[in-house]
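Those sequence lines, one after another, are chains D and R. Quick note: the first sequence uses numbering that gives the first Met the number 0, first residue 0, plus one each step. Quick note: the second sequence uses numbering that gives the first Met the number 0, first residue 0, plus one each step. Below is one structure; the comments refer to it alone.
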Amino acid sequence: MNHHPLISELKNILPAESVLHDREDVRPFECDGLSVYRRLPMVVVLPETVEEVLRIVRLCHEHKVPIVARGAGTGLSGGALPLEEGVLLSLAKFKRIINIDAENAMATVEPGVRNLAISEAAARYGLYYAPDPSSQIACTIGGNVAENSGGVHCLKYGLTVHNILMLKVVTMEGELLTIGSQTLDTPGYDLLALMTGSEGMLGIIVEVTVKLLPRPERAQVVLAAFDDVARAGEAVGAIIAAGIIPAGLEMMDRLAIRAAEDFVHAGYPVDAEAILLCELDGTHAEVSEYIMAVRKILTDNGATEVRTAADEAERQLFWKGRKSAFPAVGRISPDYYCMDGTIPRRQLPRVLQQINNWSAEYELPVANVFHAGDGNLHPLILFDANKQGELERTEEFGRRILELCVEVGGSITGEHGVGMEKIDQMCTQFGNAELHQFHAIKAAFDPAGLLNPGKAVPTLHRCAEFGAMHIHHGKLPHADLERF
Amino acid sequence: MNDLSMSLQQQVMQAIGNRTPLCITAGGSKAFLGHDTEGMAIDVNAHRGIIEYDPRELVLTARSGTPLEDIENTLAASGQMLAFEPPHFGNTATLGGTIACGLSGPRRPYSGSARDFVLGCKMLNGKGEIASFGGQVMKNVAGYDVSRLLAGSRGTLGILLEISLKVLPKPAASVTISRECSQTDAIIAMSELLSKPYPVDAACYDGERVHLRISGSEQAVSETRKKIPGETLPDADTFWQGLREHELSFFHRPGTLYRIAVKPSTRPLHLNGQWLLDWGGAQRWLYSDEDMQTIRHQVELSGGHVAVFRGGKNETQLPAPLFALHHRLKTSFDPGNIFNRSLLYATL
């Protein structure tokens, strides 16, 4: 078998067990959490030090071979999908917690450290790392930065971009850059914001310094049932209008409630059209005060039932139902497709109504799980990949949902990223000027275009072709672009 | 309500055609920041108006020339605020200048910076194109985060036309606890609070006393008040307002004012002069006669950075690879280098 000359050069600079290129060895890296896209990489490298990453990058740059960086591979948009002619660079061996600086409430870790492991290590100081994507047991901080991961506590505590201070980044040209600092701002452009959520397109993250927060004295959750989804949406607005920012504010619709209840027996009211879970945290007295206020608002807004978790065990159980919603839906359908759009909250009734109409039209059931506080909607389309044409119908349905999100003033992705999956929908959300700018930013960091090429930002030609297939409201997007 | 996008776009197109550098101005309240810039003035001041504000969505969108005061008054009428407490530095401050300068007030360490609250923007780039990034929603990871990159970029990448911000409810109650102590004790006290679950939202040492502001629900404030020693500061709002706007008597002195950013627990720096510590010790103000080199050396030893804020010239530099990246980024937005030339760095 003829190997690319790069492979033997990689073996010269890395231990033998850190360079994988046999088919069976690279198979585990063929996809990330979005397994409908699979591809075998030419070679997988597992460096252990920054120096090794620098050498790999320089070699690849010299050979003009592209690199896809990968953390835990839990991403849901195909961002870590390998390239057949490329190197897959796994940061799995970067597992050290370098330092926890309790005095300054920050932690410096390697990118392969799991999200939850940071909070576990900080717990002895009364501190934790706030962003908590539902994959937090498995996902790593490097991937969180690359995707700007969220979680259920974003409304109050922000996204990854609000909770990191400094990165060390290896560029495709083999430079090690320090971006941000341990102080609250840094001279020059805010490259930290630009790197966060850049999906492995601009640099390889080799160290992350995160901000830690004091663990609140108390957290309590209120569960409310509604016989109408729109009314539940109204109640969310009313809580916020009352000046209360809940730590978490989640909504589930009937199908999601039933699936979750059958799975974990959280005690959810299965006859409800929607439930809200509202978590309040803070000092003891503050939480008590807010619970009273929230219960009243929920009742005033037509909740058919309002329950406060009786104890910590019940609070955990209420959350378990919500956090198990995806696998719960997985139990009632051979396959499901998880969407990730955001909308201004007031548009919820309109969007859900339209999703229901399409659900009937495509004959595909949908369960809705909603980060109601911040407008991030996760419709789960239920389908069976073994039935001919059903995956294609599902994908078309999903596309229409994302286009609707853009139309009502939202976004095609709230937290899962664009990756491979939503690259065509980028053409719906952005016009030529924006896409040009994204490509120019990419070129400023990676002039040779070797980092994760083909992801996150579509070429203008791809958009032109996509637009030709999808004429939106009779209006041709990118009308000013030449077509061949 | 005045939308001047088209006129601004024409002016930019003309400047590109003539290769005339442009100097973006609006209220002029922060003109003292940064290097001198050359170029013909392009005035954004009349491009104003709140485009959308729905208190229930916690989002406000306004044109860049909108007076900051108008925005704050509108928010206050619904019990909301800009949680990063932007300094105005004069009554002509606009939203665009506030975001372009990226300055944040005393609340910054506890609630986030100006850029943290930016959700999206519409801008005019150096090719004369109008482009929109981000949006009006809290979570949005489509495309690179250009709107937050523009925060603090001082107009060197383009002209901000519209900005969407996340806004927050004003706390129901607030109290400031104050006690006399040394700078070292103040630093220790402020940094210990970082791991305590108290609703502290501002912390400052004025040279004699440490001031800790606690804000939140009535219950949270009264409960926490009992746990922190010290006297209640009367007329606390005036104090914090004075700090935010540099109107305290500390700031009424001649000489060069340095802004020093360090890790909050950094012990007192051995530099002569008058000190005021804000941001829980993370932002330190110094009036000093020491030369810049001595100051920079001391600050960098502790992992921080320093810049002249008022009354002097800056000669800041970035490491070469980072500066090269700044250059390429600037070119990617503004290929003809027409916007605010040399404002951020002499050679950018």
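All C-beta atoms in this analysis are idealised placements derived from N, C-alpha and C, irrespective of residue type, glycine included.
query: Anyone know if the C-beta pair for R/M137 and D/L154 falls short of 8 Å?; result: yes
query: In chain order, what residues of the stretch 284–302 of chain D put their CB closer than 8 Å to some CB of chain R?; result: A284, E285, S287, E288 and Y289
query: Going by DSSP in three states, D/N499 sits in which element: helix, strand or coil?; result: The first residue shown for chain D is 0 and the last is 483, placing residue 499 of chain D beyond what the model contains.
query: What span of residues does the alpha helix (DSSP H) with D/H435 cover, start to end?; result: N431 to F444
query: Which term fits D/D423, buried or exposed, when burial requires 16 or more other beta carbons within 10 angstroms of its beta carbon?; result: buried
query: Closer than 9 Å between beta carbons: that is the criterion. Which residues of the stretch 378–398 of chain D meet it against chain R?; result: none
query: For D/T282, decide whether its Cβ has a neighbour in chain R, counting only Cβ atoms nearer than 8 Å.; result: yes
query: Note down, in chain order, each residue of its chain lying with its Cβ closer than 7 Å to the Cβ of R/R243, except the 5 sequence neighbours on either side.; result: E84, P86, G104 and P105
query: Within 10 angstroms of the Cβ of R/L300, are there 16 or more other Cβ atoms? Answer buried if so, exposed if not.; result: exposed
query: Does the separation of the CB atoms of D/G111 and D/N147 fall below 8 Å?; result: no
query: In the DSSP output, which residue or residues are listed as bridge partners for D/H377?; result: D/V368
query: Is the shortest distance between the beta-carbon of R/L317 and the beta-carbons of chain D less than 8 Å?; result: yes
query: Quick one: does R/P108 have its CB under 8 Å from some CB of chain D?; result: yes
query: Cβ of R/Q135 less than 8 Å from any chain D Cβ?; result: yes
query: Between R/I227 and the rest of its own chain, which residues show a CB-CB distance below 8 Å, the 5 nearest in sequence each way excluded?; result: I176, Y197, L211 and I213
query: Rounded to whole angstroms, how far is the Cβ of D/V42 from the Cβ of D/V18, which I believe are closer than 8 Å?; result: 6 Å
query: State the DSSP-derived secondary structure class of R/F238, mapped to helix, strand or coil.; result: helix
query: Within its chain, find whatever has a CB closer than 6 Å to the CB of D/G141; leave out the 5 residues flanking it on each side and keep chain order.; result: G70, L90, P110 and I204
query: Comparing C-alpha positions only, which one of D/P132, D/G78 and D/G125 sits nearest to D/M200?; result: D/G78
query: Give every residue of the same chain whose Cβ lies closer than 8 Å to the Cβ of D/K474, excluding the five residues on either side of it in the sequence, and list them in chain order.; result: With a pLDDT of only 48 at D/K474, under the threshold of 50, the placement of this residue in the model should not be trusted; the figure read from the coordinates follows. Nothing meets the Cβ criterion.
query: Please compile the residues from chain R whose C-beta is within a distance smaller than 9 Å of the C-beta of D/M425.; result: A141 and G142
query: Compute the Euclidean distance between the alpha carbons of D/K421 and R/D288, then round it to the nearest angstrom.; result: 57 Å
query: Check this for me: beta carbons of D/T427 and D/E395, under 8 Å apart or not?; result: no
query: If we ignore side chains and look at the alpha-carbon of each, how far apart do R/E68 and R/T93 end up?; result: 8 Å
query: So with Cβ pairs under 8 Å, would you call D/F444 a contact of chain R?; result: yes
query: So, helix, strand or coil for R/T73, using DSSP?; result: helix
query: Under the DSSP definition of a beta bridge, which residues are partnered with R/Y350?; result: With chain R covering only 0 through 347, there is no way to say anything about residue 350 of chain R.
query: What number of angstroms, rounded off, separates the C-alpha of D/L390 from the C-alpha of D/S332?; result: 13 Å
query: Go ahead and pull the three-state DSSP assignment for R/G78.; result: coil
query: Considering only residues of the same chain and omitting the five flanking positions on each side of R/F116, which have a CB-CB separation below 8 Å?; result: L81, A82, F83, L164, K165 and V166
query: With DSSP as the reference, please indicate the residues paired to R/H304 in a beta bridge.; result: R/A260
query: Identify whether R/L156 lies in helix, strand or coil by the three-state DSSP scheme.; result: coil
query: With distances taken from CA atoms, which of R/N271, R/Q282, R/W274 and R/R258 is nearest R/S264?; result: R/Q282
query: Let me check one thing: in DSSP terms, what residues is R/T24 bridge-paired to?; result: R/D42
query: State yes or no: is the C-beta of R/H326 within less than 8 Å of the C-beta of R/L342?; result: no
query: Quick one: using the 10 Å Cβ neighbour count with 16 as the cut-off for buried, is D/I136 buried or exposed?; result: exposed
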